[in-house]
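> Residue numbers (the UniProt record's numbering), protein chains in the order written: chain G, 1 to 508; chain W, 1 to 340. Mind looking over this structure? Questions follow.
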């Protein structure tokens, strides 16, 4: 009954996503995303960060469709550079490099790209189907989410992000605290009173989310690129992108398994695509009759992690939309996008903005299909792009960053903030201080504060009601359990990353 | 210099040439803007700041108006939601941070003006910071409780609150928004202790009504339109509306006055204002366009769909009414200890 209702909503979503202007947004997003994702070193996170201000001027549905398109496009672009250049734009593309690059060296880069696109598409479809089944369950619970539940949820999100960003917990925690401190500047969310403005008029409005994100994720990338003097060296012709029958036969199983693993783990708030793509890769290696060939260019080694990381990314929209918890850095920036449109993610989003949510979900499907149709024939264009010298690319990216930071509030203050955080981000990355906890605490901090104050009002100043309500208690317990699970999974991923680094893969 | 290097230098020169001409182009067009600003307003996109999250009454009215004005003027009027601080964050942005060149308008509303000024000793924005350009619509307040709440009418509910003020939790659109003033005025009239009740500050109706529907708070005081979705979904019921006449959108719901509770005067309104010092020509242009808009059947239909009553007022009358309102709310806020 509920599923049928959801299915109708999804159909309505498709009707809306297939209108010419929405199709155009999805196509533009996918193309622009691929473009930025293909540029060496720029992955989905930087792509969304750079392009967020561009979409901020659009109407919410169109903006989100475009952002989702950029996300998928950049993921796809990331696979292209991983396979052809051995440069993973994002951690989740590292496993794709392992067999993709050797395949490219053998002149089979084309089929590898084709399989990767197919795997992405299949996983995207799986994600949409999953959403149809899960969304009604979540939407049904929407009204049960009161301030104490939101408070517990924010605690959950923040613990997960702080623990998941890898590396030192203390560093993550301090970065989170720094992010929250930044969020305190400006007018208080509940009181409307100015605070921490030190009499500086520009600070009364607080720091702008976009300028901080542009600084940390885009300008920092450019600075890192200059530092590393990034140059792309392309090897040989990739060959036809259309995989042979034999390729399809051997990769069907890995794709399916990778997609399923990626999707279900992706439902866990805080489980990132980097985790599942490694898991899927290692799983295929174990299942394979010829594990020794992995790492030397097997097509299964590309299919499994690509399907897994895309399925995780699609599944990640479920905790993002329904709970407001982003499981990966690019989703954290998409969360920022949602907030800019005034859409606070949470169970109520499905209830109150059903048509918006389902249009975006349908457009993800459309976006994935477009990537398949548009990008396979265009692969040579993208390959050529990777040869544009960094000395030309860097100033163009910086120009976009500057325009982006300025255009949000038409203020130079934000541009200075972006550059300041670009510099800071460079220092952070040099000394391995994770920036995701900073951004997340900056975004979620005010929500935590708001739900805290509301909970206190409900409980007449007694916070313990959080522990006495079944839902909020469950969330807090789940937070504890997920924290343990994710720390184990994360340790494993770090271990694998280290192994690959030792073997000479260029891991950011 | 090797041939390769030469080529790359040439590349940079071309790149520089393109950039310089681009910059020149921008500079020239900026100069043009200055000269013709008066006559051709608006000559570019106008940002229309809604200081609440999307989906509330102010937001719906602003979107309908933006839609109309974009067509009327042939320039995009873009609604930007900047929520927080009960409307103070967005209002402060539109009136104090943005330029007063007529390209940033504020969707002004009773909560972020007269009530804000009355509710705070040092409000981030005041009546004097803005030019009240035109009022667009108004709405009566409705008192909503959970659909299965035990009270059958507003009189019974009021009696319960008078006896148990410490058990009343109510959601508001901000620390000093219309919900707060509506509740304060009502508690004053029925003789209940405002200070003992508990206010839960939310970001706006979209956040506040579901809290009552879900049983996390007892009462929500909002405009009829803002409660309508949850009312139609059968999640809340409306015990009364304020004002001296029934709402045209809820002909079956009695007013508070009909149930013996008199003197509820707080009402909700929304309109447009600009920062102080905005060119007079801009103000007149908006005033005239909004006057025309309020006669447009399509626009009136839209207002009716979102349960807002048209209530056009020109800049002068609008300003006068807001000043009188400020005096009244200042008194109420001081008496009830809302003023901080």
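For glycine and all other residues, C-beta sits at the position ideal for the given N, C-alpha and C.
1) Under 8 Å, CB to CB, which of the residues in the stretch 457-471 of chain G have a partner in chain W?
2) By Cβ distance below 8 Å, which residues in the same chain neighbour residue 276 of chain W in space, the five residues on each side in sequence not counted?
3) Should residue 174 of chain W and residue 57 of chain W be called a contact, given that it needs their Cβ atoms to be closer than 8 Å?
4) Along the chain, where does the beta strand (DSSP E) that runs through residue 170 of chain W open and close?
5) In the DSSP assignment, find the alpha helix (DSSP H) that holds residue 49 of chain W and state where it starts and stops.
6) Going straight from the alpha carbon of residue 73 of chain G to that of residue 223 of chain W, what length do you get?
7) Could you please tell me which residues of the stretch 159-173 of chain W, in chain order, have their CB closer than 7 Å to any CB of chain G?
8) By a C-beta neighbour count over all protein chains shown, 10 Å radius and 16 as the cutoff for buried, is residue 262 of chain W buried or exposed?
9) For the beta strand (DSSP E) that residue 146 of chain W lies in, which residues bound it at each end?
10) Residue 84 of chain G to residue 429 of chain G, Cα distance in whole Å?
11) Within 10 angstroms of the Cβ of residue 413 of chain G, are there 16 or more other Cβ atoms? Answer buried if so, exposed if not.
12) Output yes if chain G places a C-beta closer than 8 Å to the C-beta of residue 216 of chain W; else output no.
13) Just to make sure I have the definition right: I need the residues of chain G whose C-beta is within less than 8 Å of the C-beta of residue 198 of chain W. Which are they?
14) Closest Cβ-Cβ distance between residue 187 of chain G and chain W: below 8 Å?
15) At which residue ranges does the stretch 238-292 of chain G contain complete beta strand (DSSP E) runs of 3 or more residues, listed in the order of the chain?
16) Please determine, among G:78, G:55 and G:30, the residue with the shortest C-alpha to C-alpha distance to residue 333 of chain G.
17) I'd like to check one pair, residue 76 of chain G with residue 346 of chain G: are the Cβ atoms closer than 8 Å?
18) How about residue 333 of chain W: is its C-beta nearer than 8 Å to some C-beta of chain G?
19) If you follow the alpha helix (DSSP H) that residue 204 of chain W is part of, which residue opens it and which one closes it?
20) Going straight from the alpha carbon of residue 300 of chain W to that of residue 245 of chain W, what length do you get?
21) Nearest CA to the CA of residue 454 of chain G: which residue from W:285, W:217, W:289 and W:323?
22) Per DSSP, what kind of secondary structure is residue 179 of chain W in: helix, strand or coil?
23) Is the stretch 140-151 of chain W touching the stretch 278-290 of chain W in the sense that three or more CB pairs, one from each, lie closer than 8 Å?
24) Is the beta carbon of residue 221 of chain G less than 8 Å from the beta carbon of residue 46 of chain G?
25) According to DSSP, which residues form a beta bridge with residue 130 of chain W?
26) Going by DSSP, name the residue or residues bridged to residue 77 of chain W.
27) Given a cut-off of 8 Å, decide if residue 321 of chain G and residue 509 of chain G are closer than it, judged by their beta-carbon atoms.
28) Counting contacts by CB-CB distance shorter than 8 Å, is residue 143 of chain G in contact with chain W?
29) Would DSSP call residue 233 of chain W helix, strand or coil?
30) Touch check for the stretch 121-136 of chain G and the stretch 249-265 of chain G: three-plus C-beta pairs under 8 Å?
31) From the beta carbon of residue 48 of chain W, is the nearest beta carbon of chain G less than 8 Å away?
32) What residues in its chain sit with their C-beta under 6 Å from that of residue 51 of chain G, if we drop five residues either side in the sequence?
33) Give, in chain order, every unbroken run of the alpha helix (DSSP H) that is at least 4 residues long and sits entirely within the stretch 418-444 of chain G.
34) Within 10 Å of its beta-carbon, does residue 246 of chain G have 16 or more other beta-carbons around it, so buried, or fewer, so exposed?
35) Which word fits residue 163 of chain W, buried or exposed, when buried means at least 16 other C-beta atoms lie within 10 angstroms of its C-beta?
36) Can you find a C-beta in chain G that's less than 8 Å from the C-beta of residue 75 of chain W?
Let's see:
1) Those would be 457, 458 and 460, in chain order.
2) Within the same chain, 95, 100, 128, 129, 130 and 131 come within 8 Å of residue 276 of chain W by CB-CB distance, once the 5 residues on both sides are set aside.
3) Their beta carbons are not under 8 Å apart, which means residue 174 of chain W does not touch residue 57 of chain W by this criterion.
4) In the DSSP assignment, residue 170 of chain W falls within the unbroken beta strand (DSSP E) covering 169-172.
5) Residue 49 of chain W -> not in any alpha helix (DSSP H); beta strand (DSSP E) instead, spanning 46-50.
6) Roughly 43 Å between the two C-alpha positions.
7) Residues passing the 7 Å Cβ filter: 169.
8) Around the CB of residue 262 of chain W, fewer than 16 other CB atoms lie within 10 Å, so the residue is classed as exposed.
9) From DSSP, the beta strand (DSSP E) with residue 146 of chain W extends over 141-146.
10) The C-alpha of residue 429 of chain G is placed about 25 Å away from the C-alpha of residue 84 of chain G.
11) Burial check for residue 413 of chain G: the Cβ neighbour count within 10 Å reaches 16 or more, so the residue is buried.
12) For residue 216 of chain W, the answer is yes, since a Cβ of chain G falls inside 8 Å of its Cβ.
13) Going along chain G in sequence order, the residues near residue 198 of chain W (Cβ under 8 Å) are 457, 458 and 460.
14) Contacts with chain W at 8 Å (Cβ-Cβ) include residue 187 of chain G.
15) Counting only runs of 3 or more, we get nothing.
16) Measuring from the Cα of residue 333 of chain G, the nearest candidate turns out to be G:55.
17) No, Cβ-Cβ distance for residue 346 of chain G and residue 76 of chain G is not below 8 Å.
18) False, the Cβ-Cβ gap to chain G never drops below 8 Å.
19) Segment: none, residue 204 of chain W is in no alpha helix (DSSP H) and carries neither H nor E.
20) Between the C-alpha atoms of residue 300 of chain W and residue 245 of chain W there is a straight-line separation of about 20 Å.
21) The shortest C-alpha separation from residue 454 of chain G is found at W:217.
22) Here residue 179 of chain W carries a helix assignment [DSSP, helix/strand/coil].
23) Not touching, per the Cβ criterion.
24) Taking C-beta atoms as the reference points, residue 221 of chain G and residue 46 of chain G count as a pair closer than 8 Å.
25) Looking at the DSSP output, residue 130 of chain W shares a beta bridge with W:275.
26) Answer by DSSP bridge pairing, in chain order: W:46.
27) Residue 509 of chain G is absent from the model: chain G starts at 1 and stops at 508.
28) At least one chain W Cβ lies under 8 Å of residue 143 of chain G.
29) Here residue 233 of chain W sits in coil by DSSP.
30) Contact between the stretch 121-136 of chain G and the stretch 249-265 of chain G is present: three or more C-beta pairs spanning the two stretches fall below 8 Å.
31) No, residue 48 of chain W lies away from the interface with chain G (no Cβ there is under 8 Å from its Cβ).
32) Short of 6 Å from the beta carbon of residue 51 of chain G, and not among the five residues preceding or following it, lie these beta carbons of its own chain, in chain order: 70.
33) Annotation note: the stretch 418-444 of chain G contains no uninterrupted alpha helix (DSSP H) run of length 4 or greater.
34) Residue 246 of chain G comes out exposed.
35) Counting Cβ neighbours within 10 Å, residue 163 of chain W comes out exposed, since fewer than 16 surround it.
36) Not closer than 8 Å to any Cβ of chain G, the Cβ of residue 75 of chain W fails to qualify, so no.
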